[in-house]
Amino acid sequence: MKAPLIVDLRSDTVSKPTPEMRKVMAAAEVGDDVFQDDPTVNRLEEKMADVFGKEASLFVPTGTMANLVSVLAQTHPGETLLLHPDAHPFRAEAANVAVVGGLLVKTVPGELGIMNLEQLTGEIVRDDNVHHSETTLIAVENTTNAGGGNVYPLERIQRIGALAKENDMRVHCDGARIFNASVASGDTPARIVRDCDTVSACFSKGLGCPAGSIVAGEASIIKRARKLRKMLGGGMRQVGILAAAAEHAVDNHVERLADDHRHVQRFRDAFSSIEGISFPLPTPTNILYIDVDDAASFVGKLEEKGVRMLAFGPKRIRAVFHLDVDDAGVEKCIDECGQLLEAGVHAS
Ligand SMILES: *Cc1c(COP(=O)(O)O)cnc(C)c1O
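Count the sequence shown with our numbering and you get residues 86 to 433, in order.
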């Protein structure tokens with residue numbers, strides 16, 4: 086009997102390496118990367134520096150470490166980091182910037198995960214008053230995960246970059262899903278991060294790698310980040326096996342992100358005028374927030390049918406589309422959700 090189709094939309098991190106990816110991983114030339122002897126990692130780091138239009142880049146195990154070394158490399162303990170209250174380092178990195186970085190964090194709200202420029206300007210403290218913590222780093226997130234996978238308008242990043250320059254501050258871009266931003270907007274990754282000093286990006290999300298992230302920026306910052314990676318226990322050895330997966334993903338899995346974005350629209354359109362379900366945020370990329378009356382019950386019933394989503398709040402569900410969800414998977418998902426809505430499962 087054929088195994089029943091499971092459609093897992095809890096996150097794009099659940100995507101698995103393809104057979105082709107496993108092949109390049111198995112064949113990868115490797116060396117000890119702490120000695121910078123791994124030719125595959127070295128090649129990836131050169132390539133990613135190019136992709137982001139920066140001097141250098143560094144391969145790290147996770148997006149969390151990518152953000153952390155970027156922040157640590159550009160701040161000192163006691164300084165202030167500005168970011169959106171929905172930003173990943175604020176919500177979902179176990180307070181690492183406070184614990185490891187000794188930083189004060191101030192949040193700057195704004196629609197769809199995008200910081201309000203006026204409020205951002207109001208939070209900047211740059212003086213030698215002994216009472217003050219100086220703001221030295223701004224972090225933007227692109228796309229905005231909890232902001233519905235939204236894309237930062239280039240003009241906003243440019244103004245944030247200019248504001249940072251005026252105040253002798255730096256800008257980090259948490260680009261866990263920057264390739265989604267690039268595919269949705271048509272702007273190259275290098276153009277998107279032109280006004281940012283550093284950028285981090287994940288290979289392990291929609292690009293389908295088993296692990297791995299990258300940090301790019303000027304050579305002196307990447308040099309500091311390399312030491313910080315070692316300090317944090319992220320110096321890996323024959324890790325060309327993972328770098329090969331990342332290189333393969335960048336070459337083969339970026340353009341297809343458009344399919345994920347199309348799948349989100351297909352799902353949304355299917356329920357555009359159905360009662361009991363609504364979509365609270367715009368959905369330009371691969372992340373879809375869904376509102377129903379009772380998220381836990383809806384997600385529980387859906388799971389029984391082989392469709393997995395995440396209950397994000399009492400009424401809010403998150404579905405993230407990715408490499409392992411094809412057209413048939415999307416149709417199954419629409420079908421099962423439609424049946425639940427018809428049966429009134431959304432009603433608590
Ligand atoms: C997933 C994610 C991260 C962290 O990546 P991990 O590899 O899970 O540590 C950072 N920022 C954003 C916006 C993310 O979505």
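A virtual CB, placed ideally from N, CA and C, is assigned to each residue, including glycine.
What does residue i pair with, by DSSP beta-bridge criteria?
i: Cys258; result: Val225, Val284
i: Ser363; result: Asp376
i: Phe144; result: Ile299
i: Thr220; result: Thr165
i: Lys191; result: Leu167
i: Arg393; result: Asp93
i: Val156; result: DSSP lists no partner for Val156.
i: Ile402; result: Ile375, Ala396
i: Asn235; result: Thr229
Going by the CB atoms, is the gap between residue j and residue i shorter than 9 angstroms?
i: Ser270; j: Leu292; result: no
i: Val256; j: Val225; result: yes
i: Gly385; j: Val92; result: no
i: Thr221; j: Glu164; result: yes
i: Thr370; j: Val278; result: no
i: Gly232; j: Glu208; result: no
i: Pro295; j: Pro102; result: yes
i: Leu129; j: Glu416; result: no
i: Leu94; j: Leu342; result: no
i: Val190; j: Val182; result: yes
i: Glu131; j: Gly325; result: no
i: Asp253; j: Arg211; result: yes
i: Pro170; j: Asn152; result: no
Smallest Cα separation from residue i: which of the options?
i: Asn227; options: Arg211, Arg176, Ala172, Asn214; result: Ala172
i: Leu366; options: Ile402, Glu332, Met394; result: Ile402
i: Gly198; options: Asp376, Val324, Phe144, Arg241; result: Arg241
i: Asp411; options: Ala396, Ser363, Ala428, His348; result: His348
i: Glu203; options: Ala183, Ile245, Ala231; result: Ile245
i: Leu166; options: Val136, Asn201, Met110, Ile223; result: Ile223
i: Val126; options: Ile277, Ala328, Ala275, Ala158; result: Ala328
i: Glu105; options: Glu130, Glu140, Ala330, Arg309; result: Ala330
i: Arg353; options: Gly423, Ala249, His217, Lys400; result: Gly423
i: Asn337; options: Arg351, Asp376, Phe288; result: Phe288
i: Cys258; options: Ala286, Thr368, Glu251, Lys400; result: Ala286
i: Glu219; options: Gly187, Asp345, Asn230; result: Gly187
i: His161; options: His169, Pro174, Arg176, Val184; result: Val184
i: Gly297; options: Asp123, Asn152, Gly148; result: Gly148
Residues in the same chain with beta-carbon distance under 8 angstroms from residue i, minus the five sequence neighbours each way, listed in chain order, please.
i: Arg314; result: Leu143, Val145, Met150, Val154, Gly320
i: Ser433; result: With a pLDDT of only 46 at Ser433, under the threshold of 50, the placement of this residue in the model should not be trusted; the figure read from the coordinates follows. Cβ neighbours of Ser433 beyond the five flanking positions: Asp378, Asp379, Ser382.
i: Phe397; result: Tyr374, Ala380, Arg403
i: Gly429; result: Gly361
Please list, in chain order, all residues of the same chain as residue i whose beta carbon is under 6 angstroms from its beta carbon, the five residues on each side excluded.
i: Leu373; result: Val349, Ala404
i: Arg311; result: Leu143
i: Val392; result: Val92, Cys418, Glu421
i: Asp282; result: Arg255, Val256, Gly302
i: Asp97; result: Lys290, Gly291, Val405, His407
i: Lys139; result: Ala301, Gly302
For residue i, I'd like the list of residues in its chain whose CB is within less than 7 angstroms of its CB, leaving aside the five on either flank, ordered along the chain.
i: Leu426; result: Ile359, Gly361, Ile362
i: Met133; result: Ser142, Ile299, Ala301
i: Arg309; result: Ala158
i: Pro399; result: Ala380
i: Asn265; result: Thr228, Gly234, Gly291, Leu342, Thr370, Asn371
Chain D beta carbons: is any one of them nearer than 9 angstroms to that of residue i?
i: Ile326; result: The displayed structure is made up of one protein chain only, and chain D is not part of it.
Quick one: which unbroken alpha helix (DSSP H) runs of 4-plus residues sit fully inside the segment 90 to 133? Chain order, please. Whole alpha helix (DSSP H) segments, 4+ residues: 104 to 112.
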